[in-house]
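Take any residue in the sequence shown, note its place counting from 1, add 72, and you have its number in my numbering. Cβ atoms here follow ideal geometry from the backbone N, Cα and C, with glycine treated the same way. Values in this document were obtained by computation on a predicted structure and should not be read as measured data.
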Amino acid sequence: MAGAIITATEAKGLALSEMGYGFLGTTTDAVIVAYQNGLGPYLEYSGSYTDFGRKITRTVFECVKEGVTKTMKELESDETKI
C-alpha cells in the first residue's frame, strides 16, 4: 500500500509540473489507498512500471489536471464578478 501512495504522489507532482506550477503539492493534499482484502488479486507491488501502478499514475495524473483546470476556471469566473 505504501508503494501505491508513493506512485499516486509522484503522478500528482508530475501533473502539476507539466501544468507549469513550481510546486508538487499543497499543505492540504491528501492521498488514501483503500483495498478490501480478498476481493481482488494480490498485488505485491504498485510502482509506476507495474500494471496497477500505471493505472494509478494515469488516473491521478488525469484527475489532478482536470481538477486544477476546473478550479482555475471557477476562480477566474469569480474574479470577473467582483
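Given a threshold of 16 other Cβ atoms within 10 Å of its Cβ, counted over all protein chains shown, does residue i qualify as buried or as exposed?
i      : result
Ala83  : buried
Leu88  : buried
Gly139 : exposed
Ala74  : exposed
Ala76  : buried
Would you kindly work out how many angstroms separate the C-alpha atoms of residue i and residue j, rounded to a whole number?
i      : j      : result
Val132 : Thr152 : 30 Å
Met91  : Thr141 : 9 Å
Ser120 : Gly94  : 23 Å
Tyr114 : Asp150 : 47 Å
Ser118 : Phe124 : 6 Å
Ala102 : Glu116 : 23 Å
One question on the structure: do residue i and residue j come within less than 8 Å of each other, judged by their Cβ atoms?
i      : j     : result
Gly112 : Gly97 : no
Ile128 : Thr81 : no
> At a cut of 8 Å, does the stretch 99-113 reach the stretch 143-150 through at least three beta carbon pairs?
Replying inline: no
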